[in-house]
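One structure is given here, and the rest of the page talks about it.
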Amino acid sequence: MDQPRHRRQLWIDADPSGLVWTGLDCDDDLAILAAQGLEAAGEATVAGLSICAGNAPLLHTWENAKTLQSVANFHWNLSKGAGWNTMQPAWASLRTLARCIDEEESSDAAEAIIRAAAALPARSLTVLCLGPPSNLARALRRAPWLAEHLEMAVLMGGELTQSRLDLNFMTDRAAAREILASSLPTMLVPIQTCAQVAVTPAWLRRVEQCPPRAVARRILPKMRLQTWFMPKLVNRRVKAQALPGRPTSPGLQSGFIPWDLVALLATSRPHLFSWDVWAVELPSCERSLGEPCDGTMRSTLLQSNVSAHETSRLAANAALIPWIRVEEGAVLEQMLELLCSVHGSGPETRLQLGFLPQLSLAALLILAAIASAARVCTALCAKLVSRMRPPNIHGPSKQEKTD
Numbered sequence: 155m156d157q158p159r160h161r162r163q164l165w166i167d168a169d170p171s172g173l174v175w176t177g178l179d180c181d182d183d184l185a186i187l188a189a190q191g192l193e194a195a196g197e198a199t200v201a202g203l204s205i206c207a208g209n210a211p212l213l214h215t216w217e218n219a220k221t222l223q224s225v226a227n228f229h230w231n232l233s234k235g236a237g238w239n240t241m242q243p244a245w246a247s248l249r250t251l252a253r254c255i256d257e258e259e260s261s262d263a264a265e266a267i268i269r270a271a272a273a274l275p276a277r278s279l280t281v282l283c284l285g286p287p288s289n290l291a292r293a294l295r296r297a298p299w300l301a302e303h304l305e306m307a308v309l310m311g312g313e314l315t316q317s318r319l320d321l322n323f324m325t326d327r328a329a330a331r332e333i334l335a336s337s338l339p340t341m342l343v344p345i346q347t348c349a350q351v352a353v354t355p356a357w358l359r360r361v362e363q364c365p366p367r368a369v370a371r372r373i374l375p376k377m378r379l380q381t382w383f384m385p386k387l388v389n390r391r392v393k394a395q396a397l398p399g400r401p402t403s404p405g406l407q408s409g410f411i412p413w414d415l416v417a418l419l420a421t422s423r424p425h426l427f428s429w430d431v432w433a434v435e436l437p438s439c440e441r442s443l444g445e446p447c448d449g450t451m452r453s454t455l456l457q458s459n460v461s462a463h464e465t466s467r468l469a470a471n472a473a474l475i476p477w478i479r480v481e482e483g484a485v486l487e488q489m490l491e492l493l494c495s496v497h498g499s500g501p502e503t504r505l506q507l508g509f510l511p512q513l514s515l516a517a518l519l520i521l522a523a524i525a526s527a528a529r530v531c532t533a534l535c536a537k538l539v540s541r542m543r544p545p546n547i548h549g550p551s552k553q554e555k556t557d
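Written as structure tokens, this is what we have:
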């Protein structure tokens with residue numbers, strides 16, 4: 155029997171890249187569509203959607219969001235926010251790339267969050283951060299009263315074994331620290347929770363059976379790509395970070411983790427989860443090292459099996475942690491139901507190229523450089539061999555004398 159479902163006021167902050175070939179993940183796009191399904195079912199009211207960099211630069215996530223909005227026909231307030239330039243991306247290559255592109259960052263997202271909260275009663279708006287939590291941290295800096303006015307912050311991120319953090323927190327660890335250290339009640343949906351569910355090729359075949367106008371079908375190319383490379387690039391490390399008694403999904407061998415869909419369900423359908431309270435802290439980095447320094451989070455279990463609504467227990471540097479308590483198949487079924495319910499319009503969506511032109515040009519330049527170097531090496535070797543050939547000291551041959 156279904157549990158009674160509370161209609162939640164949601165603000166979603168995301169870094170969607172499911173419609174960009176070089177985007178790192180498509181889970182934001184899926185969560186945005188599922189939130190639209192929740193709204194249609196009367197389980198949520200989405201006050202707005204703000205966009206940040208993360209899975210891709212803001213240059214790409216912003217265009218992705220506008221495309222998704224035009225296809226899915228949602229009418230939420232859409233606002234642009236933080237880009238890589240004001241974050242601390244964990245990889246040096248991303249930091250270099252951020253300096254080479256103009257992302258046209260904006261403070262609109264932070265201002266929009268503040269306005270949405272001010273327009274609603276106290277403790278009624280939940281901010282769900284599906285990417286780096288930069289926009290919410292900016293809003294808290296501009297309007298410190300938000301910490302007492304918002305119902306909760308939900309951060310998809312964090313890690314409970316003192317190992318390397320997820321992409322969201324590694325990209326802006328300082329913003330995550332700022333939110334956790336505030337008095338704003340916070341839920342973390344960490345790596346270990348999300349890894350209890352996996353999207354496999356078999357599940358994608360179910361998505362293919364959604365109605366032809368289902369917008370989720372347009373993200374299938376990216377989902378198929380992720381079932382191929384995520385098991386090789388991400389899932390092995392995630393499995394190594396599992397907690398005792400919290401096994402990961404068997405589907406990690408052939409699928410990808412729907413991180414943001416898990417976070418959305420934890421926010422909107424808490425009866426699917428059990429709940430713990432953990433002490434969490436992101437220690438400051440030495441100035442000489444800079445963020446994200448060692449890229450870890452300190453965490454300690456404080457209390458098990460609490461209510462999802464007991465946010466009064468959540469002091470600074472404490473967070474509510476969800477754990478899936480139903481069968482994985484039931485969770486995947488609910489995700490599928492929400493995604494299939496969202497229908498779109500317009501012509502077939504083509505994935506944006508992202509960095510493919512630049513990567514192709516770089517590959518051609520590298521191949522040209524290798525070919526040029528090979529020609530130089532061949533010429534040098536030929537010259538060296540000719541110099542090393544011994545001179546003819548026996549005089550002309552008999553044939554030469556006869557001639």
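To convert, take the position in the sequence shown, counting from 1, and add 154; that gives this note's numbering.
Built from N, CA and C at the ideal position, the CB exists for glycine as well.
Buried versus exposed, by CB contacts within 10 Å (16 or more), residue i
i	result
Asp-256	exposed
Met-377	buried
Asp-414	buried
Thr-325	buried
His-214	buried
Val-353	buried
Cβ-Cβ distance between residue i and residue j below 8 Å
i	j	result
Gly-177	Gly-508	yes
Pro-404	Asp-181	no
Ser-428	Asn-471	no
Gly-285	Asn-209	yes
Ala-207	Gly-172	no
Leu-492	Ala-246	no
Ala-473	Val-434	yes
Ser-422	Leu-192	yes
Leu-314	Pro-344	yes
Thr-503	Arg-372	yes
Gly-409	Thr-454	no
Leu-279	Glu-305	yes
Glu-197	Arg-161	yes
Leu-486	Trp-357	yes
Cβ separation of residue i and residue j, assumed to be a contact under 8 Å, to the nearest whole Å
i	j	result
Val-281	Ala-417	That pair is no contact at about 12 Å.
Arg-296	Ala-264	6 Å
Gly-498	Ala-195	Gly-498 to Ala-195, Cβ: 17 Å. No contact.
Gln-488	Leu-419	7 Å
Leu-222	Ala-370	The pair is not a contact, with the Cβ atoms about 11 Å apart (cut-off 8 Å).
Pro-476	Thr-340	About 12 Å separates the two Cβ atoms, so there is no contact after all.
Leu-374	Val-361	6 Å
Ile-283	Leu-290	Here the sequence assigns Cys to residue 283, which means Ile is not the residue at that position. 6 Å between Cβ atoms; contact.
Arg-327	Glu-464	Going by Cβ atoms, the distance from Arg-327 to Glu-464 rounds to 27 Å, so no, they are not a contact pair.
Between the CA atoms of residue j and residue i - distance to the nearest angstrom
i	j	result
Gln-163	Ala-270	10 Å
Ala-394	Leu-319	13 Å
Leu-505	Asn-218	9 Å
Ser-204	Arg-331	20 Å
Ala-276	Pro-424	21 Å
Asp-179	Ser-514	21 Å
Asp-430	Leu-334	16 Å
Val-539	Thr-532	11 Å
Ala-484	Phe-383	25 Å
Met-451	Ile-268	28 Å
Gly-500	Ser-260	29 Å
Pro-170	Cys-494	19 Å
Ser-224	Ser-336	36 Å
Phe-323	Arg-479	25 Å
Pro-243	Arg-541	53 Å
Ile-166	Ala-396	28 Å
Ala-273	His-303	11 Å
Ser-288	Ser-526	45 Å
Leu-426	Gln-363	25 Å
Cys-535	Leu-521	21 Å
Thr-240	Leu-387	27 Å
Trp-175	Thr-199	31 Å
Ala-252	Arg-543	54 Å
Gly-399	Met-310	21 Å
Lys-220	Trp-230	11 Å
Glu-440	Gly-449	12 Å
Asp-156	Val-496	Caution applies to Asp-156, whose pLDDT of 48 falls short of 50 and renders its modelled position unreliable; the value that the coordinates give is listed next. Their Cα atoms are separated by approximately 21 Å.
Nearest neighbour of residue i, chosen from the options [CA to CA]
i	options	result
Leu-490	Leu-274, Arg-331, Ala-201 and Arg-359	Arg-359
Val-351	Gln-242, Met-451, Gln-407 and Gly-285	Gln-407
Trp-432	Leu-342, Asn-389, Val-496 and Pro-511	Leu-342
Ala-201	Ile-186, Thr-503 and Cys-364	Ile-186
Phe-228	Thr-250, Gln-190, Trp-216 and Leu-251	Gln-190
Arg-391	Ala-349, Arg-441 and Leu-455	Ala-349
Ala-168	Arg-161, His-160, Trp-216 and Glu-197	Trp-216
Glu-481	Arg-529, Pro-401 and Pro-385	Pro-401
Closer than 8 Å to chain C by CB, residue i
i	result
Val-485	This model lacks chain C altogether, as it is built from one protein chain only.
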